[in-house]
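Asker:
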Amino acid sequence: MKTVVIEGKDLLFTLFKLAFYIWIGMWNVRILLVAVKMVIAVGVYSTYFAVILVSVYGIYSAFRGLKKTVAKTIRRWLFEGDSAAQLPRQRK
């Protein structure tokens with residue numbers, strides 16, 4: 008069985024990336040809702056549709072990055088082991 012050592016710097020960077028992707032996704036959802044509201048209230052304007060398209064792409068990119076980061080982190084935690092961190096075998 009492999010023992011995985013997670014360094015504080017690596018864990019902090021991973022948590023920062025996760026928080027960043029979630030933050031970007033939330034702001035893009037807010038922008039998207041405002042743009043849709045403006046299209047409904049004002050009428051059809053190409054500027055609002057451009058904002059909607061950029062927001063949708065931002066949400067897609069944020070969740071793609073989030074998925075990639077989570078998958079990479081879980082894969083590293085499950086399959087990479089540090090031989091220096093393993094407990095020494097007991098002699099009989």
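For the sequence shown, my numbering assigns the number 8 to the initial residue and increments by one for each residue that follows. C-beta: ideal position from N, C-alpha, C; glycine also. Quantities reported herein were computed from a predicted structural model and do not represent experimental measurements.
Under three-state DSSP, which class holds residue 72?
Answerer: Against the sequence shown, residue 72 aligns to sequence position 65. Of the three classes helix, strand and coil, the one that applies to residue 72 here is helix, per DSSP.
Asker: Rounded to a whole number of angstroms, what is the C-alpha to C-alpha distance between residue 41 and residue 86?
Answerer: Sequence index remark: in the sequence shown, residue 41 carries index 34 (1-based). Sequence index remark: in the sequence shown, residue 86 carries index 79 (1-based). Going by the C-alpha atoms only, they are around 43 Å apart.
Asker: Residue 80 to residue 49, Cα distance in whole Å?
Answerer: On the sequence shown, residue 80 is found 73 positions in, with the first residue counted as 1. On the sequence shown, residue 49 is found 42 positions in, with the first residue counted as 1. If I take the Cα positions, the gap works out to 45 Å.
Asker: Report the residue ranges of all beta strand (DSSP E) runs contained in full by the region 15 to 66; include only those spanning at least 3 residues, in chain order.
Answerer: None, since the region 15 to 66 contains no complete beta strand (DSSP E) of that length.
Asker: Identify, in the order they occur along the chain, each residue of the same chain with its Cβ nearer than 7 Å to the Cβ of residue 35, setting aside the five sequence neighbours on each side.
Answerer: Stepping through the sequence shown from its first residue, residue 35 is reached at position 28. For residue 35, where only same-chain residues beyond five positions count, the Cβ hits under 7 Å are 62, 65, 66, 69.
Asker: Can you tell me whether residue 55 is buried or exposed, with buried defined as 16 or more other CB within 10 angstroms of its CB?
Answerer: Indexing the sequence shown from 1 puts residue 55 at position 48. That one is buried.
Asker: Is the beta carbon of residue 24 sitting closer than 7 Å to the one on residue 76?
Answerer: What you label residue 24 is simply residue 17 of the sequence shown in a count that begins at 1. What you label residue 76 is simply residue 69 of the sequence shown in a count that begins at 1. In contact: residue 24 and residue 76 (Cβ atoms closer than 7 Å).
Asker: DSSP three-state call for residue 84: helix, strand or coil?
Answerer: Reading the sequence shown from its first residue, position 77 is the one you call residue 84. Looking at residue 84 - three-state DSSP - the assignment turns out to be helix.
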